[in-house]
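To convert a position in the sequence shown, counted from 1, into our numbering, add 39.
Glycine residues also receive a C-beta, built at the ideal position from the N, C-alpha and C atoms.
Heads up: the structure comes next, in structure tokens.
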Amino acid sequence: MFARRQAVVTRQLLAEFPAVALTGPRQVGKTTLALELGREQPSTYLDLESPRDLARLSEPELYFDEHPDQLVILDEVQRVPDLFPVLRGTIDRRRRSGSSAGHFLLLGSASIDLIAGASESLAGRLAVAELAPLSMLEVPGTGHRDLWVRGGFPDSLTAGSDAASVRWRQAFISTYLERDIPSLGPRVPGETLRRLWTMLAHRQGSPLNAAQLAAGLGVSGSTVARYIDLLVDLLLVRRLEPSASNLGKRLVRSPKVYVRDAGLVHALLGIDDFDALLSHPVAGMSWEGFVVQQLVQAAGGLVDATYYRATGGAKIDLVLTWPGGERWAVEIKRTATPKVSRGFRSASDDLGPDRSFFACPVDEPFPLSDAVTAIGPSALAELAAQRTATG
């Protein structure tokens, strides 16, 4: 068992909202976390992939009415989108009787927006939390190298060997392509999506060039965009949008695209272990994507994560903006001897961030200049989490 930071968030949301959706990719630990929360109060658990549990919901209103004082946990809720109007009616009846929170915990392997009608049906009644793969803040420091190489899915990270971890990730990818994506309805050829996913891994962290990807796949640019939208909705790919700052400069306007979990990047590219990763051309961008995931995950859902790049060479790998406008600029490199680049200085002059960091594998933070601090990604993730906690 890893202590999941999202447990605190989910517990608080259940105390405030009648329904909470806990989303995240398959095998990330949603069910484990939900059952842990369920043991803290009267609850009942239904797996909507189980025919027996589905049969219990043949009359869902009656079933929910028979469990009025329990937290009902519905796993893989995207399988039964017709439930959402029923949930709305049940929640409204309970509200009228004086029970305003903690009725339903919904687990889904896709963003809530992908589930037809969910957002509209439960507007004002539903809070959404995302459970991502394990992060540096949840794994002891001795495991951070494995976390980068194997990724944060618990079964991959804790596998008995690198080879077993790779086999798990390859099976995970195949399951998504052969079963999970087709079950959601979109008609997407599995082999085409695998090739796109692999191409995105090769181009980890690059600005999106849909025309180039489309040419490589033999499909249209709009088709590529639709497939990437699907991978984003399944919480497998991150689109990092460019900064919207209008500074009179010519800026790169395409989003950068990352496969979220570094372990999946490596499995898609056939990288088996740490030594193979260090000798692979993707190593630098894999590290960047890994650190971006750690920092965005630590900062939480209210932070606005973007990047900045001007055509003249000014660039910032990651810009974090909190509610209220505080802005952090982060350069990311895997080097123990960091140097602030001219491009980062120029971009910082453009944006005027409140704090500037160079995220690199160092043991202790130290100043690179009056304005820039070199810091390890784990320590920076802790700072981001603390900043979010203070509001």
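Assuming residue i and residue j form a contact by the criterion Cβ under 8 Å, report the distance between their Cβ atoms to the nearest whole angstrom.
i	j	result
S148	R208	About 16 Å separates the two Cβ atoms, so there is no contact after all.
R299	Q332	6 Å
F103	V111	6 Å
P493	A418	Look at the range of the chain in this structure, 40 to 430, and you will see that residue 493 is not part of it.
S204	A337	Their Cβ separation, rounded to whole angstroms, is 24 Å, which puts S204 and A337 out of contact at 8 Å.
E98	T129	So it is not a contact: roughly 12 Å between Cβ atoms.
Strictly under 8 Å for the Cβ-Cβ distance: is residue i near chain B by that measure?
i	result
A46	Reference to chain B is not applicable here, since this structure consists of a single protein chain.
According to the neighbour-count rule (16 or more other Cβ atoms, all chains shown, within 10 Å of its Cβ), is residue i buried or exposed?
i	result
V330	buried
R16	Summary: the structure shown does not reach residue 16, with the chain confined to residues 40 through 430, and so no result is reported for it.
M40	exposed
K372	buried
G352	exposed
D432	As displayed, the chain neither begins before 40 nor continues past 430, which places residue 432 out of reach and without an answer.
Q117	buried
V188	buried
G363	exposed
S325	buried
L317	exposed
P114	Residue identity check: residue 114 is Asp in the sequence provided, not Pro. Flag for D114 reads buried.
A428	exposed
Which of helix, strand or coil does DSSP assign to residue i?
i	result
L196	helix
A140	coil
G352	coil
W367	strand
F329	helix
S245	strand
E159	helix
V321	coil
V276	strand
F300	It should be pointed out that residue 300 corresponds to Asp in this sequence rather than to Phe. The answer is coil: DSSP assigns D300 none of H, G, I, E or B.
L165	strand
P99	helix
F405	strand
R206	helix
F56	coil
R44	coil
I130	helix
H305	helix
S385	helix
Where DSSP assigns a beta bridge to residue i, which residues make up the other side?
i	result
G147	T62
L113	L85 and L145
I414	A398
D343	T360
P281	Y346
L290	A349
K295	P246 and L279
Any 3 or more C-beta pairs closer than 8 Å across the segment 158-169 and the segment 177-184: no
Cβ contact check for the segment 200-219 and the segment 82-94: 3 or more pairs under 8 Å: no
Touch test, the segment 55-62 against the segment 137-148, Cβ-Cβ under 8 Å, three pairs minimum: yes
Touching by the beta-carbon criterion (3+ pairs, under 8 Å), the segment 231-240 and the segment 335-351: no
The segment 241-256 touching the segment 292-307, judged by at least three CB pairs closer than 8 Å: yes
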